[in-house]
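Here's the structure, in structure tokens; my notes come after.
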Amino acid sequence: MREVPEWFSVVNMIIVFSYVLEIFLKLRAYGFRGFFLGPEKVWNIFDFLIVALSLSETMLEIMALMSSATNLDSSYLRSIRFIRVVRALRGIRVIRLIHYIGALRTLVFSIVSTAGSLVWTLVLLILVFYIFGVIIAQIVTDHCRESAQRSTGDLDALPSCEKDASRYWFGVSESMFTLFMAITGGISWEDALKPLRDISSVAVACMVLYIVIAVFAILNVLALWCTCAFIRASGGGP
Numbered sequence: 006m007r008e009v010p011e012w013f014s015v016v017n018m019i020i021v022f023s024y025v026l027e028i029f030l031k032l033r034a035y036g037f038r039g040f041f042l043g044p045e046k047v048w049n050i051f052d053f054l055i056v057a058l059s060l061s062e063t064m065l066e067i068m069a070l071m072s073s074a075t076n077l078d079s080s081y082l083r084s085i086r087f088i089r090v091v092r093a094l095r096g097i098r099v100i101r102l103i104h105y106i107g108a109l110r111t112l113v114f115s116i117v118s119t120a121g122s123l124v125w126t127l128v129l130l131i132l133v134f135y136i137f138g139v140i141i142a143q144i145v146t147d148h149c150r151e152s153a154q155r156s157t158g159d160l161d162a163l164p165s166c167e168k169d170a171s172r173y174w175f176g177v178s179e180s181m182f183t184l185f186m187a188i189t190g191g192i193s194w195e196d197a198l199k200p201l202r203d204i205s206s207v208a209v210a211c212m213v214l215y216i217v218i219a220v221f222a223i224l225n226v227l228a229l230w231c232t233c234a235f236i237r238a239s240g241g242g243p
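Put into structure tokens, the structure is as follows:
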């Protein structure tokens, strides 16, 4: 049983041939020189390559329909997958809309104009993640090690944490990722705070302080900066 119905392949072939017709009409209208060397040469060459790959895929599909599925080897299937992935790049053409829609162009310009500040803001956030991540991870690891030592009587016992503490705070990388998710909607910071309540009040205080700094200071300043940049880009400010 075919996973894709035959009518879908037929419709796909019709669409591909419509693209081929579009390229053919452009070649007739502009000529080879105007098509490949004109003002729109980059997009024309891009379209030509994508249509050529789409046509190759269509030819392979026609060959597949004419032969049995048992005759298809793995190299054929890999070729089909590669061509389909590359053909999907045709969606990049939507970028051309930026040139024609003023509001969209203003928005993109605002994002680009704040890219430098955004990079340094991300650097600052990473530093904050690291500082609080190291502190909380150290507190949790020491607590888990002490618990393991008390339960086993072995001073060299490996740290053993509860499930939530180990999931969110056991290690610097896990702690940094938890802090990142806590301010981006990945998890509720209350869920990440719960295991810390049974470990240390210092860890709880660090978590609360981190939320205050990250949410009420850094992210709010970033939002204000982006708003001012958008106003400047739209010509509404100095």
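Every number in this note's numbering is 5 more than the matching position in the sequence shown, counting from 1.
All C-beta atoms in this analysis are idealised placements derived from N, C-alpha and C, irrespective of residue type, glycine included.
Computed from a predicted model, the values in this text were never measured in an experiment.
Original post:
What distance in whole Å lies between the Cβ atoms of residue 148 and residue 193, which are believed to be in contact at a cut-off of 8 Å?
Top reply: As a first step, residue 193 must be located in the sequence shown, where it is residue number 188. As a first step, residue 148 must be located in the sequence shown, where it is residue number 143. Incorrect: roughly 22 Å between the Cβ atoms, too far for contact.
Original post:
Alpha carbon to alpha carbon, how far is residue 43 from residue 37?
Top reply: Working through the sequence shown from its first residue, we reach residue 43 at position 38. Working through the sequence shown from its first residue, we reach residue 37 at position 32. If you take the alpha carbons of residue 43 and residue 37, they lie about 9 Å apart.
Original post:
Under the rule that 16 or more other beta-carbon atoms within 10 Å means buried, what is residue 195, buried or exposed?
Top reply: For this step, residue 195 is matched to residue 190 along the sequence shown. Residue 195 is exposed by the Cβ-count criterion.
Subject >> Segment contact, 8 Å Cβ cut-off, at least three pairs: the stretch 49–63 with the stretch 28–35 >> reply: The stretch 49–63 makes contact with the stretch 28–35; the number of CB pairs closer than 8 Å reaches 3 or more.
**OP:** Ignore the nearest five residues each way along the sequence and tell me which others in residue 208's own chain have a CB closer than 7 Å to its CB.
**Re:** The residue given as residue 208 occupies position 203 in the sequence shown. Only 141, 144, 145, 201 meet the Cβ criterion.
**OP:** Identify which residue in 129, 62, 114, 178 has its Cα closest to the Cα of residue 220.
**Re:** As a first step, residue 220 is located in the sequence shown; it is residue number 215 there, counting from the start. Answer by Cα proximity: 129.
Original post:
Going by Cα to Cα distance, which pick from 228, 62, 51 is closest to residue 126?
Top reply: Counting from one through the sequence shown, the residue named residue 126 turns up at place 121. Answer by Cα proximity: 228.
Original post:
Comparing alpha-carbon positions, which option in 33, 177, 157, 153 lies nearest residue 166?
Top reply: For the purposes of this step, residue 166 is taken as residue 161 along the sequence shown, with counting starting at 1. Selected option, being the one with the closest Cα: 153.
Subject >> Sequence-distant residues of its chain with Cβ nearer than 7 Å to residue 134 (five each side left out) >> reply: On the sequence shown, position 129 is the one that residue 134 refers to. Excluding residues up to 5 positions away in sequence, 181, 184, 185 lie with their Cβ nearer than 7 Å to the Cβ of residue 134 in the same chain.
Original post:
Quick one: what's got a C-beta closer than 8 Å to residue 216's C-beta in the same chain, skipping five residues either side?
Top reply: Numbered from its first residue, the sequence shown carries residue 216 at position 211. Cβ neighbours of residue 216 beyond the five flanking positions: 187, 188, 194.
**OP:** Could you spell out the range, first to last residue, of the alpha helix (DSSP H) harbouring residue 140?
**Re:** Within the sequence shown, numbered from 1, the residue matching residue 140 stands at position 135. For residue 140, the uninterrupted alpha helix (DSSP H) run begins and ends at 120–157, by DSSP.
Original post:
At a Cβ threshold of 9 Å, is residue 171 touching chain D?
Top reply: In the structure shown, chain D does not exist; there is a single protein chain.
Subject >> Backbone CA spacing between residue 199 and residue 15 [nearest angstrom] >> reply: As a position in the sequence shown, residue 199 is number 194, starting the count at 1. As a position in the sequence shown, residue 15 is number 10, starting the count at 1. So the two alpha carbons sit approximately 57 Å from each other.
**OP:** Assign residue 137 to buried or exposed, taking buried as 16 or more other Cβ atoms, counted over all protein chains shown, within 10 Å of its Cβ.
**Re:** Taking the sequence shown and counting its residues from 1, the one referred to as residue 137 is at position 132. When all chains shown are included, residue 137 counts as buried.
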